[in-house]
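Here's the structure we're looking at; comments come further down.
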Amino acid sequence: TLKVQTESIGLRNIEKEKKKKRSEKKRPSPLQSILLLFPISFLASLLFRNRFSSSPIPLPLQMGYIGHHGVATLHKYKYSGVDNSLVAKYILQPFWTRSVTLFPLWMPPNMITLTGFTFLLISALLGYIYSPRLDTAPPRWVHLAHGLLLFLYQTFDAVDGKQARRTNSSSPLGELFDHGCDALACAFEALAFGSSIMCGRYTFFFWVIAAVPFYLATWEHFFTNTLILPVINGPTEGLMLIYVCHFFTFLTGAEWWAQDFRKSIPFLSWIPFVPEIPVYGVVMIFMTLFAVIPTIASNIGNVQKVVASKKGNMLSALAMLLPFNALLAGVGIWAYLSPSDIMKNYPHLLVVGTGFAFGFLVGRMILAHLCDEPKGLKTGMCMSLVFLPFAIANALTAKLNEGLPLVDEPLVLLLYCAYTVGLYLHFATSVIHEIKNALGIYCFRITRKEA
Numbered sequence: 215t216l217k218v219q220t221e222s223i224g225l226r227n228i229e230k231e232k233k234k235k236r237s238e239k240k241r242p243s244p245l246q247s248i249l250l251l252f253p254i255s256f257l258a259s260l261l262f263r264n265r266f267s268s269s270p271i272p273l274p275l276q277m278g279y280i281g282h283h284g285v286a287t288l289h290k291y292k293y294s295g296v297d298n299s300l301v302a303k304y305i306l307q308p309f310w311t312r313s314v315t316l317f318p319l320w321m322p323p324n325m326i327t328l329t330g331f332t333f334l335l336i337s338a339l340l341g342y343i344y345s346p347r348l349d350t351a352p353p354r355w356v357h358l359a360h361g362l363l364l365f366l367y368q369t370f371d372a373v374d375g376k377q378a379r380r381t382n383s384s385s386p387l388g389e390l391f392d393h394g395c396d397a398l399a400c401a402f403e404a405l406a407f408g409s410s411i412m413c414g415r416y417t418f419f420f421w422v423i424a425a426v427p428f429y430l431a432t433w434e435h436f437f438t439n440t441l442i443l444p445v446i447n448g449p450t451e452g453l454m455l456i457y458v459c460h461f462f463t464f465l466t467g468a469e470w471w472a473q474d475f476r477k478s479i480p481f482l483s484w485i486p487f488v489p490e491i492p493v494y495g496v497v498m499i500f501m502t503l504f505a506v507i508p509t510i511a512s513n514i515g516n517v518q519k520v521v522a523s524k525k526g527n528m529l530s531a532l533a534m535l536l537p538f539n540a541l542l543a544g545v546g547i548w549a550y551l552s553p554s555d556i557m558k559n560y561p562h563l564l565v566v567g568t569g570f571a572f573g574f575l576v577g578r579m580i581l582a583h584l585c586d587e588p589k590g591l592k593t594g595m596c597m598s599l600v601f602l603p604f605a606i607a608n609a610l611t612a613k614l615n616e617g618l619p620l621v622d623e624p625l626v627l628l629l630y631c632a633y634t635v636g637l638y639l640h641f642a643t644s645v646i647h648e649i650k651n652a653l654g655i656y657c658f659r660i661t662r663k664e665a
């Protein structure tokens, strides 16, 4: 009896200790509070500093994005672009030229751009509803919808520029708005594509495959002053290939992409000494080898020619790539240390949060080009990286503390998304406001402002 009583007392003490630990774990420590509140307060200071400040501090010191030189340059800026795609020239351009006549003359080009971007938001939302972790097969009709929505996005993205020329409303604001939406589109289409091919955690890497050429093309445009699209390029052949994949998945089912490539493609079943690789893995390898790497080499080569012709410093030019590399490295380290495996369990939050950080980097570089700012590293671009050290420190704490982070990682991921989305929206709304005031135009109206 004494032994039983002793054991019951011991069990009660163990239960009390467990309850005590659980209550202590629920109660945030001062360090947790700082970790949670600092990014939020930092973002709030960005969002409201200009809105309610009555200080006579000059605009550039109050988070204004365009200085006096930039305003003067905006009035003289003219877009220059070359599309060498044969598919675009002989097939899609005639189709787009006819399509633009379907839009009324009163419809502003930026509204067409925004409508096209909305199609990708719907596509990504469908993927989330039917495949939250992007590792289960959605209904077949979802793949058909993905393909149609991407085709509409490509059409609207091509038609907006034609509408601007048709209505004589071309402006630097239109270029920034168009390319800004395109930068975000990389993330949302990666999520839609991830749901079609059931690639789960590897969806993030498909976003990287889209983001790297986009960033390098923007960087090249900054130095050459001409956006050069090669014979085979992402906006034309790349998007066509993706929506063809969506339509193909509508016929075969998403499982075709997730099984070993020798099973999906029987005439390759003879290949020996190759480990089991899903079809989407083979696609990822081929896209990297034959699309991403050649594009990077071409971009760097073109920039090097321009820098050499002007006797500039190539290291200064390459320094502009550092924020993007830091973003990829920071998110990669966080995902590697993550106690909850954010890349597998929360792919939508990770891709969306990083996609908006990427959009901020691209937007800052495009604005620097429009305003003819000096070439070199833009420290303001690093604001999109502010949250990552806290996320990495939180994940590292879990490694050192038996898997228990300071703050629940899903909450940290939500805060990361809130921070990057808020930062991007602050940038976008502020710059739109500054450009339309500088040029005397509207964002979603064609008529000019009265002097």
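Numbering (this note's numbering), first residue to last: 215 to 665. We put the beta carbon where it would ideally sit given N, CA and C, even for glycine. None of the values given here were measured: they were computed from a predicted structure.
_Measuring only from the beta carbon, is F391 closer than 8 angstroms to any heavy atom that is part of the ligand MN?_
Absent from the structure shown: the ligand MN. Ligands present: none.
*asked:* Please report the distance separating the alpha-carbon of K240 from that of A549.
replied: As a working mapping, residue 240 is identified with position 26 in the sequence shown. As a working mapping, residue 549 is identified with position 335 in the sequence shown. With a pLDDT of only 44 at K240, under the threshold of 50, the placement of this residue in the model should not be trusted; the figure read from the coordinates follows. Approximately 24 angstroms between the Cα atoms of the pair.
*Could you check if L251 is buried or exposed, using at least 16 other CB atoms within 10 Å of its CB as the buried criterion?*
Locating residue 251 in the sequence shown gives position 37, where the first residue counts as 1. With a pLDDT of 42 at L251, under the threshold of 50, the modelled position of this residue cannot be trusted, and the question is left open.
_Rounded straight-line distance, which links the Cα of A351 to that of G467_ = Mapped onto the sequence shown, residue 467 falls at position 253. Mapped onto the sequence shown, residue 351 falls at position 137. Per the coordinates, the alpha-carbon of G467 lies some 7 angstroms from the alpha-carbon of A351.
*Going by Cα to Cα distance, which pick from T643, T634, A431, L563 is closest to L339?*
Locating residue 339 in the sequence shown gives position 125, counting from the first residue. Considering only alpha carbons, the answer is L563.
*asked:* Taking the straight line between their C-alpha atoms, what separation do you get for P253 and P553?
replied: Taking the sequence shown and counting its residues from 1, the one referred to as residue 253 is at position 39. Taking the sequence shown and counting its residues from 1, the one referred to as residue 553 is at position 339. Because the pLDDT at P253 is just 48, under 50, the model does not fix this residue reliably, and the value given afterwards should be weighed accordingly. When only Cα atoms are considered, P253 and P553 end up about 21 angstroms apart.
*Residue from Y279, S598, C585 whose Cα sits closest to the Cα of V539*: Within the sequence shown, the letter at position 325 stands for residue 539. The sequence given here has Asn at residue 539, not Val. N539 has its Cα closest to that of S598, out of Y279, S598, C585.
*Decide if the segment 584-592 is in contact with the segment 614-628; the criterion is three or more beta carbon pairs, one per stretch, under 8 angstroms apart.*
They do not touch, by the three-pair rule.
_Let's test the definition: count the other Cβ atoms within 10 Å of the Cβ of V645 and tell me whether it reaches 16, buried, or not, exposed._
Here residue 645 refers to the residue found at position 431 of the sequence shown. Around the Cβ of V645, a 10 Å sphere holds 16 or more other Cβ atoms; the residue is buried.
*asked:* Quick check on L405: does DSSP put it in helix, strand or coil?
replied: Residue numbering aside, residue 405 sits at position 191 when the sequence shown is read from its first letter. Of the three classes helix, strand and coil, the one that applies to L405 here is helix, per DSSP.
*From what residue to what residue does the beta strand (DSSP E) around I442 run?*
Indexing the sequence shown from 1 puts residue 442 at position 228. That run of the beta strand (DSSP E) goes 441-443.
_Opposing strand residues paired with G295 [DSSP bridges]_ = By 1-based counting over the sequence shown, the position of residue 295 is 81. Answer by DSSP bridge pairing, in chain order: L441.
*Where C657 falls: helix, strand or coil (DSSP)*: The residue labelled residue 657 in the question sits at position 443 within the sequence shown. Coil, per DSSP.
*Can you check DSSP and say which residues form a bridge with D474?*
Position 260 of the sequence shown holds residue 474. DSSP links D474 through a beta bridge to P492.
_According to DSSP, is Y344 part of a helix, a strand, or is it coil?_
For the purposes of this step, residue 344 is identified with residue 130 of the sequence shown, where counting begins at 1. Three-state DSSP puts Y344 in a helix.
*Assess, as a yes-or-no matter, whether the segment 360-379 is touched by the segment 323-334 under the definition of 3 or more beta carbon pairs within less than 8 angstroms.*
Yes, since at least three Cβ pairs between the segment 323-334 and the segment 360-379 fall closer than 8 angstroms, the two stretches touch.
_My output table needs one value for V621: the three-state DSSP class, helix, strand or coil._
Reading the sequence shown from its first residue, position 407 is the one you call residue 621. Secondary structure at V621: coil, using DSSP grouped into helix, strand and coil.
*Just tell me which of L362, H647, V296 has its CA closest to the CA of V445.*
Locating residue 445 in the sequence shown gives position 231, where the first residue counts as 1. The residue among L362, H647, V296 with its C-alpha nearest the C-alpha of V445 is V296.
*With 16 as the cutoff for other CB atoms within 10 Å, does R578 come out buried or exposed?*
As a position in the sequence shown, residue 578 is number 364, starting the count at 1. Under this definition R578 is a buried residue.
*Can you tell me whether I423 is buried or exposed, with buried defined as 16 or more other CB within 10 angstroms of its CB?*
The count along the sequence shown starts at 1 and reaches residue 423 at position 209. It counts as buried.
*Pick out the complete alpha helix (DSSP H) segments inside the segment 343-378, 4 residues or longer, and give them in chain order.*
If we require 4 residues or more, the segment 343-378 turns out to have no alpha helix (DSSP H) run fully inside it.
_So, under 8 angstroms CB-CB, V576 and A401 are touching, yes? Tell me the CB distance rounded to an integer number of Å._
Here residue 576 is taken as the residue at index 362 of the sequence shown, counted from 1. Here residue 401 is taken as the residue at index 187 of the sequence shown, counted from 1. A Cβ-Cβ distance of about 11 angstroms is found for the pair V576 and A401, leaving them out of contact under the 8 angstroms criterion.
*Ordered along the chain, which non-local residues of its own chain (more than five positions away) have a Cβ less than 6 angstroms from that of V521?*
Walking along the sequence shown from the start, residue 521 turns up at place 307. Contacts found: M528, A531.
*Can the beta-carbon of I411 be found closer than 9 angstroms to that of F370?*
Here residue 411 corresponds to residue number 197 of the sequence shown, with the count starting at 1. Here residue 370 corresponds to residue number 156 of the sequence shown, with the count starting at 1. Contact flag unset, no.
*Below 8 angstroms, can you find three or more Cβ-Cβ pairs linking the segment 504-519 to the segment 422-438?*
Verdict: yes, contact present.
_P561, DSSP secondary structure in three states_ = Residue mapping note: residue 561 aligns to position 347 of the sequence shown, counting from 1. Judged by DSSP in its simplified three-state form, P561 adopts helix.
*asked:* For P323 and T417, which I take to be in contact (beta-carbon distance under 8 angstroms), what is that distance rounded to the nearest angstrom?
replied: Residue 323 sits at position 109 when you count from the first residue of the sequence shown. Residue 417 sits at position 203 when you count from the first residue of the sequence shown. P323 to T417, Cβ: 31 angstroms. No contact.
*asked:* What residue range does the alpha helix (DSSP H) around F464 cover?
replied: Residue mapping note: residue 464 aligns to position 250 of the sequence shown, counting from 1. Counting along the chain, F464 sits inside the alpha helix (DSSP H) bounded by residues 453-466.
_Residue range of the unbroken alpha helix (DSSP H) whose run includes S384_ = Locating residue 384 in the sequence shown gives position 170, counting from the first residue. S384 -> no alpha helix (DSSP H), and no H or E assigned at all.
*Please list, in chain order, all residues of the same chain as L610 whose beta carbon is under 7 angstroms from its beta carbon, the five residues on each side excluded.*
Sequence index remark: in the sequence shown, residue 610 carries index 396 (1-based). Sequence-distant Cβ neighbours of L610 in its own chain, meaning closer than 7 angstroms and more than five residues away, are L551.
*Report buried or exposed for P619, applying the criterion of at least 16 other Cβ atoms within 10 angstroms of its Cβ.*
In the sequence shown, the residue the question calls residue 619 occupies position 405. Its Cβ being crowded by 16 or more others within 10 Å, P619 is buried.
*asked:* Would C413 and L348 qualify as a contact pair, given that the criterion is a beta-carbon distance under 9 angstroms?
replied: In the sequence shown, residue 413 corresponds to position 199, counting from 1. In the sequence shown, residue 348 corresponds to position 134, counting from 1. Inclusion of C413 and L348 in the CB contact set at 9 angstroms is warranted, their separation being smaller than that value.
_First and last residue of the uninterrupted alpha helix (DSSP H) at K613_ = Locating residue 613 in the sequence shown gives position 399, counting from the first residue. For K613, the uninterrupted alpha helix (DSSP H) run begins and ends at 602-614, by DSSP.
*asked:* Looking at the secondary structure, which residues open and close the alpha helix (DSSP H) in which A505 lies?
replied: Walking along the sequence shown from the start, residue 505 turns up at place 291. Segment: none, A505 is in no alpha helix (DSSP H) and carries neither H nor E.
_Through-space distance from L584 to A286, alpha-carbon basis_ = The residue labelled residue 286 in the question sits at position 72 within the sequence shown. The residue labelled residue 584 in the question sits at position 370 within the sequence shown. One alpha carbon belongs to A286, the other to L584, and they sit about 10 angstroms apart.
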